[in-house]
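Numbering (full-length UniProt numbering), first residue to last: 1 to 311.
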């Protein structure tokens, strides 16, 4: 009985077909990712993003109300604490590179007093919780938090993550296709789970890089506005204290460890020492207290009186 090397079993032909399809899926995903390239309007850097700055702004504006509701709502604009956050944010925007960007920066103070957090939505919607704000001591620290979040917006991190996530889904689909088992042995499912874990690790690595990049933007914007960038180290200490000892391995963390971020900030400041005229600014607690007194002493406007009568 002769053996023909060109003869393949149905199972072998099936594996070959699945590998071809998987390869085509990966190539299509890579083509889509590489073809979605835009120049960052602030940095001039070529970035792989699939949406325009205008779409980022629209997405952020649409998402902001729901995000605020999920976090317990916003403190009103009349609240002195909200006013300080907005005043600081607008000061940074108007006195730094952020002013020439196409994004619409708006600053929100969330009522959540238990969560120590700040974050940015695409297009310029910046949020800080009262839980974090009440831990900050100086204007410089507040400037550091807001500048960091603005760095995420300027670098278009959210838009980039969307494109990378899309590419990751193609990767998972390709692996699942290549490993799919017509005999129902579960190989395709297991391979898909492994591919999903690998994709998650890749996304987390990008997230940690984004955080470090945003830290550098925070330091630059702080000095541009006259605030001491060394206050960012104080912010990291506050975050470290609030977070306690993390039990999550570094490879699974979305943010770099505060100690690592402090080392990176110190290294940056060593290469870019602050100028002599930077300041920590005023004490936030005193600002809130003085603003509250002024608000209580202020005579209500005619419009406010009419609104009170309508209630």
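The C-beta atom is built at its ideal place from N, Cα and C for all residues, glycine as well.
These numbers come from a predicted model, not from an experiment.
Please report the Cβ distance between residue i and residue j, rounded to the nearest whole angstrom; I am assuming they are in contact, meaning their Cβ atoms lie under 8 angstroms.
i, j, result
"residue 132", "residue 118", "6 angstroms"
"residue 284", "residue 142", "6 angstroms"
"residue 313", "residue 86", "A question about residue 313 goes unanswered here, because the residues of the chain that appear run from 1 up to 311."
"residue 235", "residue 116", "About 11 angstroms; that fails the 8 angstroms criterion."
"residue 217", "residue 157", "About 10 angstroms; that fails the 8 angstroms criterion."
Does the beta-carbon distance from residue i to residue j come in below 9 angstroms?
i, j, result
"residue 154", "residue 103", "yes"
"residue 121", "residue 127", "yes"
"residue 82", "residue 281", "no"
"residue 287", "residue 76", "no"
"residue 207", "residue 161", "yes"
"residue 229", "residue 274", "yes"
"residue 111", "residue 60", "no"
From the DSSP output, read off the bridge partner residues of residue i.
i, result
"residue 283", "138"
"residue 107", "126"
"residue 227", "279"
"residue 74", "110"
Reducing DSSP to helix, strand and coil, say where residue i ends up.
i, result
"residue 48", "strand"
"residue 118", "strand"
"residue 37", "strand"
"residue 20", "helix"
"residue 155", "coil"
"residue 43", "coil"
"residue 53", "helix"
"residue 209", "helix"
"residue 258", "helix"
"residue 199", "In this predicted model, residue 199 has a pLDDT of only 44, less than 50, meaning its place in the structure is not dependable enough to derive any value."
"residue 65", "helix"
"residue 215", "helix"
"residue 102", "coil"
"residue 272", "coil"
Between residue i and the rest of its own chain, which residues show a CB-CB distance below 7 angstroms, the 5 nearest in sequence each way excluded?
i, result
"residue 38", "47, 49"
"residue 225", "91, 92, 95, 96, 143"
Which same chain residues, not among the five before or five after residue i, have their C-beta less than 8 angstroms away from its C-beta?
i, result
"residue 357", "Given that the chain is displayed from residue 1 to residue 311, the structure contains no residue 357 and the question cannot be resolved."
"residue 266", "233"
"residue 58", "123"
"residue 227", "139, 140, 143, 144, 278, 279, 280, 281"
Identify, in the order they occur along the chain, each residue of the same chain with its Cβ nearer than 6 angstroms to the Cβ of residue i, setting aside the five sequence neighbours on each side.
i, result
"residue 237", "none"
"residue 114", "131"
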